[in-house]
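These protein sequence lines map, in sequence, to chains A and B.
Following the numbering used here, the numbering of the first sequence begins with 92 at its first residue and continues without gaps.
Following the numbering used here, the numbering of the second sequence begins with 10 at its first residue and continues without gaps.
Positions of the beta carbon are idealized from the N, C-alpha and C atoms, including for glycine.
Quick caveat: nothing in here was measured; it's all calculated off a predicted structure.
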Amino acid sequence: MRLILALAMLLLSTPAWAHKPSDSLLSLTVQHDRIEGRWDIALRDLDDAIGLDADGDGAITWGEVRSTHDEIAAYALSRLTITSGETHCPAQAPHQLIDNHTDGAYAVLLFTMTCPSAIETLQADYRLLFDLDAQHKGLLRLTHEGDITTAIFSQESPTRQFTISETSMWNQVQQYAHEGIWHIWMGYDHVLFLLALLLPAVLRRVAGRWEPTPDFLSAFWEVLAIVTAFTIAHSITLGVATVGLIALPSRLVESAIAASVVFAGISNLYPALVQRRRLVAFLFGLIHGFGFASVLSDLGLPRGSLALSLVSFNLGVEVGQLAIVAMFLPLAYGLRKSWTASLRGSTYRSVRLASSLATALLNSLFEHPADYRHNRAKYYRNSMSRKN
Amino acid sequence: MNGIRTLGWMITTGWLALSTPSLTFGEPFLPQQDAQVLEHLTVKATDPVAREIRALRASLLRDPQNMDVAVSLATKLIEQSRSEGDPRFLGQAQAVLVPWLNHPTPPSSTLLLRAMIRQHAHEFDLALADLDAVLSMQPANAQAWLTRASIYQVQGRYDEARRACQPLLRLAGRHVALTCSGDIAGLTGQAATSRQMLTASLDRPGISARERLWILTVLAEMAARTGDASAAEKHFFDARSLGVKDHYLIGAYADFLLDQGRTQEVVTLLQHETRADGLLLRLTLAEQALHLPVSKNHTAELAARFAAGRERGTRVHVREEARFTLALLRDPQTALTLAQANWETQKEPWDARLLLESALAADSWNAARPVIDWLHTNHVEDMRLQQLVVQFPEEQS
Chain A
92 MRLILALAML
102 LLSTPAWAHK
112 PSDSLLSLTV
122 QHDRIEGRWD
132 IALRDLDDAI
142 GLDADGDGAI
152 TWGEVRSTHD
162 EIAAYALSRL
172 TITSGETHCP
182 AQAPHQLIDN
192 HTDGAYAVLL
202 FTMTCPSAIE
212 TLQADYRLLF
222 DLDAQHKGLL
232 RLTHEGDITT
242 AIFSQESPTR
252 QFTISETSMW
262 NQVQQYAHEG
272 IWHIWMGYDH
282 VLFLLALLLP
292 AVLRRVAGRW
302 EPTPDFLSAF
312 WEVLAIVTAF
322 TIAHSITLGV
332 ATVGLIALPS
342 RLVESAIAAS
352 VVFAGISNLY
362 PALVQRRRLV
372 AFLFGLIHGF
382 GFASVLSDLG
392 LPRGSLALSL
402 VSFNLGVEVG
412 QLAIVAMFLP
422 LAYGLRKSWT
432 ASLRGSTYRS
442 VRLASSLATA
452 LLNSLFEHPA
462 DYRHNRAKYY
472 RNSMSRKN
Chain B
10 MNGIRTLGWM
20 ITTGWLALST
30 PSLTFGEPFL
40 PQQDAQVLEH
50 LTVKATDPVA
60 REIRALRASL
70 LRDPQNMDVA
80 VSLATKLIEQ
90 SRSEGDPRFL
100 GQAQAVLVPW
110 LNHPTPPSST
120 LLLRAMIRQH
130 AHEFDLALAD
140 LDAVLSMQPA
150 NAQAWLTRAS
160 IYQVQGRYDE
170 ARRACQPLLR
180 LAGRHVALTC
190 SGDIAGLTGQ
200 AATSRQMLTA
210 SLDRPGISAR
220 ERLWILTVLA
230 EMAARTGDAS
240 AAEKHFFDAR
250 SLGVKDHYLI
260 GAYADFLLDQ
270 GRTQEVVTLL
280 QHETRADGLL
290 LRLTLAEQAL
300 HLPVSKNHTA
310 ELAARFAAGR
320 ERGTRVHVRE
330 EARFTLALLR
340 DPQTALTLAQ
350 ANWETQKEPW
360 DARLLLESAL
370 AADSWNAARP
380 VIDWLHTNHV
390 EDMRLQQLVV
400 QFPEEQS
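This is the structure:
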């Protein structure tokens with residue numbers, strides 16, 4: 092009878108009020124005999140499991156999470172067993188970051204597992220939190236050479252087995268092309284650089300003044316020439332860097348790419364430089380190619396089909412680039428008249444345009460801590476694979 | 010606006026549209042300071058509820074075979090899930106019961122709690138199966154009858170629901186039986202009588218705060234359905250004055266205010282309730298009506314949450330998602346599909362309303378047929394539903 096009274100309220104119909112039940116997100120990327128892992132676990136769940144809120148004030152601080160990193164890693168990784176064939180692959184989790192998900196902050200555990208030999212069958216045994224929360228689920232993304240498999244672990248089905256097969260050539264072409272397209276879209280320094288160079292393509296210089304181009308075709312050829320110069324240049328260095336002929340520190344490359352965007356923006360103020368945009372596109376294209384190469388090496392190049400993945404990735408970059416140009420050209424052409432009018436009004440506006448481009452870029456450089464900006468490609472690849 | 014600015018703006022927005030892979034999964038970051046607060050827990054360790062739960066957990070740890078302790082702990086956690094609107098507590102309650110539920114014949118008290126957990130997860134048929142098992146062992150279990158009545162009512166099986174309420178007259182307090190059957194009667198054509206009887210039952214001595222909250226919420230929703238806004242307002246006020254935190258009540262009151270066009274009050278009521286999806290949805294609806302810029306962010310946030318919910322492969326948010334898709338995304342076709350799927354599992358006035366509204370918006374009049382039949386067959390008394398139904402051409406004659 093007491094139970095009845097206590098629970099009488101539960102009888103009202105119960106629509107879904109709350110955020111979702113507990114999930115963790117596990118991403119495993121298999122490369123030969125190694126597994127790169129990223130595991131996002133809700134801080135609230137970790138607090139229930141091992142206690143994070145040391146001072147009991149109801150707020151979990153970074154200090155509290157940071158100081159329990161070893162416990163978090165030990166707790167989580169003892170509940171995830173990965174075996175290749177018959178052998179257990181031990182894990183090392185030196186890094187921990189934070190990510191905000193829709194239902195709160197998560198600890199992001201970055202770990203590496205090393206198996207004794209190349210992985211052919213992979214067995215995953217997931218036991219996180221089931222003893223505390225029977226509705227907890229583990230959402231897995233398993234990536235191998237860009238090929239993504241997903242699985243959901245629950246208390247009822249905590250184990251899964253995966254066959255890591257060599258992907259077909261066509262699949263590989265698709266995957267690397269896809270990565271290339273994404274890279275040009277997501278790594279917006281390339282887009283900014285290109286757009287900054289293309290902006291004046293719908294204009295021409297007549298007697299020291301800006302005039303709108305009379306016809307679409309001449310703007311088209313101008314854009315084509317610049318894009319081609321950029322493409323040839325970055326293809327050269329992408330190839331050279333990927334086969335290992337030249338290696339540049341990625342920090343240097345990133346900074347040089349950043350500088351190229353600023354330069355491209357400002358160069359629009361100097362007619363002499365505007366006339367030489369093809370040359371600028373080519374020279375800086377060489378640097379951007381090194382940027383592409385570092386992404387490609389982050390993706391992990393399959394042995395034996397280096398050329399194929401290199402070409403497919405480059406192809407993807409060009410497709411992504413063409414899509415942007417195809418959007419840009421009609422737009423810029425349509426707006427060119429009002430645009431020259433305002434340029435003529437004062438140089439102030441063009442300065443502003445250049446400086447806004449530069450600012451956008453500087454923001455992109457400095458809004459994140461440098462140590463992971465460095466690894467940006469890797470992170471967005473992880474987040475990408477989750478999305479697919 | 011000059012051309013450059015337009016161009017810059019278009020490039021920026023185009024870029025943003027391309028570059029945001031998903032709100033649910035951003036890039037991880039390294040917090041810069043130890044003092045940075047990453048997460049607020051809904052319950053502090055020093056709160057009385059948390060202490061109570063911790064004490065129960067500790068005694069279960071000392072005596073893992075003690076089912077009574079496990080049942081008390083699970084009950085507490087289920088209550089907590091309701092007051093906080095957080096399904097995590099349901100999973101925790103279920104985990105506490107696992108040792109007994111794994112028996113070939115689980116004890117009835119644990120099955121009853123699992124039925125409630127399943128009810129909350131919208132696994133209605135599984136919940137009913139658990140209740141059948143409980144009632145075959147304990148035909149006098151009032152809570153089991155009550156839960157069964159509630160599930161039947163949500164499923165629109167009113168005759169079965171009424172029959173499940175009957176045993177309560179002798180097994181539980183008279184007011185419990187009365188509220189159980191009055192809720193159904195109020196929906197199916199006898200609102201006036203039900204309101205009278207339920208209002209009278211509030212004067213009975215010995216009604217707990219939670220029961221009073223239940224009766225007042227039923228009364229408030231019933232008054233709102235019959236168009237008696239001032240009575241509804243009074244019942245909501247009385248219910249909210251009881252000082253029992255309840256997400257269902259807050260949501261129902263917000264819906265009432267939205268229907269009254271009192272959007273500013275909704276913003277005041279819900280501005281700090283952004284954690285629970287259902288409440289964030291209502292807040293966003295109010296913000297949209299007031300043309301507040303923040304409604305855009307909240308819409309994106311909700312879209313991400315629904316997407317994250319889909320990722321785990323379970324769908325309990327279909328009603329909310331239909332409402333979101335119709336009112337905020339303004340995609341009547343998708344909203345209609347969701348509302349139809351939702352109507353397969355549950356048939357409460359809000360489920361009917363969403364299906365009718367989406368069918369109207371999508372010009373799919375035939376899609377509304379099941380709801381219109383349901384309204385006629387059960388003589389459903391609901392002013393808003395009636396107003397919607399007459400907008401369908403065949404109902405106008």
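Proximal residues to residue i (C-beta, below 6 Å), its chain only, five neighbours per side dropped
i: V80(B); result: S118
i: G182(B); result: none
i: I62(B); result: K85
i: A215(A); result: I173 and R251
i: L231(A); result: L117 and A242
i: A361(B); result: V380 and L394
i: A461(A); result: Because the pLDDT of A461(A) is 36, which lies under 50, any placement of that residue in the model is unreliable, and the number read from its coordinates should be weighed accordingly. Result list for A461(A): empty, nothing under 6 Å.
i: A158(B); result: A170, A173, C174 and C189
i: R417(B); result: Residue 417(B) cannot be examined here, being either before or after the span of chain B that is shown, 10 to 406.
Where residue i falls, given that 16 or more other Cβ within 10 Å makes a residue buried
i: S158(A); result: exposed
i: T322(A); result: buried
i: K254(B); result: exposed
i: F202(A); result: buried
i: L343(A); result: exposed
i: H300(B); result: exposed
i: H281(B); result: exposed
Residue i versus residue j: straight-line alpha-carbon distance, rounded
i: S113(A); j: L137(A); result: 11 Å
i: V327(B); j: S250(B); result: 31 Å
i: F284(A); j: S351(A); result: 7 Å
i: H184(B); j: L207(B); result: 8 Å
i: G330(A); j: S385(A); result: 11 Å
i: R296(A); j: T277(B); result: 58 Å
i: V371(A); j: I357(A); result: 12 Å
i: G319(B); j: A348(B); result: As written in the sequence, residue 319(B) is Arg, which differs from the Gly given in the question. Each residue's alpha carbon lies about 16 Å from the other.
i: L288(A); j: G278(A); result: 17 Å
i: Q342(B); j: A371(B); result: 6 Å
i: P402(B); j: L364(B); result: 16 Å
i: S346(A); j: I337(A); result: 18 Å
i: D192(B); j: M231(B); result: 8 Å
i: P358(B); j: D391(B); result: 8 Å
i: D43(B); j: N75(B); result: 42 Å
i: H131(B); j: V293(A); result: 59 Å
i: P30(B); j: D190(A); result: Reliability of the predicted coordinates at P30(B) is poor, the pLDDT of 31 falling under 50, and no value is obtained from them.
i: R427(A); j: F307(A); result: 11 Å
i: P73(B); j: S90(B); result: 23 Å
i: E274(B); j: K53(B); result: 29 Å
i: W481(A); j: D280(A); result: The question about residue 481(A) has no answer, for chain A in this structure spans 92 to 479.
i: T492(A); j: A355(A); result: Here chain A covers residues 92 to 479 and nothing more, so residue 492(A) does not appear.
i: H112(B); j: A104(B); result: 14 Å
Chain-order list of residues whose beta-carbon lies under 7 Å from that of residue i (same chain, five-residue window excluded)
i: E409(A); result: T322
i: N481(A); result: Residue 481(A) lies beyond the residue range present for chain A, which begins at 92 and ends at 479; the question has no answer from this structure.
i: Q164(B); result: F133, Q355 and K356
i: E167(A); result: The sequence shown places Ala at residue 167(A), rather than the Glu named in the question. The residues are W130, I132, L200 and L219.
i: T386(B); result: none
i: T106(B); result: The question names Thr, but residue 106(B) is Leu in the sequence shown. Taken in chain order, the residues that qualify are A79, A83, T119, L122 and R123.
i: L290(B); result: L311, E329, R332 and F333
Neighbour flag for residue i against chain C, beta carbons, 8 Å
i: Q226(A); result: Absent here is chain C; the protein component of the structure consists of chains A and B.
Cβ neighbours of residue i in the same chain (closer than 8 Å, five flanking residues each side left out)
i: Q147(B); result: S117 and A153
i: M125(B); result: I87, A136 and T156
>> Below 8 Å, how does it come out for the segment 250 to 260 of chain B and the segment 221 to 236 of chain B: are there three or more Cβ pairs, yes or no?
In response: yes
>> Measuring CB atoms only, is the segment 122 to 132 of chain A touching the segment 194 to 202 of chain A, in the sense that at least three cross pairs come out at less than 8 Å?
In response: yes
> For the 8 Å Cβ check, are there 3 or more pairs between the segment 148 to 156 of chain A and the segment 111 to 127 of chain A?
Replying inline: no
>> If contact is defined by three or more beta carbon pairs under 8 Å, each pair taking one atom from either stretch, is the segment 324 to 344 of chain A in contact with the segment 371 to 391 of chain A?
In response: yes
> Where are the alpha helix (DSSP H) runs, 4 residues long or more, that stay fully inside the segment 86 to 124 of chain B, in chain order?
Replying inline: 97 to 110
> Which runs of the alpha helix (DSSP H), 4 residues or longer, sit entirely within the segment 164 to 230 of chain B?
Replying inline: 167 to 174, 177 to 180, 183 to 196 and 200 to 210
>> Please give the ranges of any alpha helix (DSSP H) in the segment 320 to 353 of chain B, keeping only runs that are unbroken, at least 4 residues long and fully inside the region.
In response: 327 to 336
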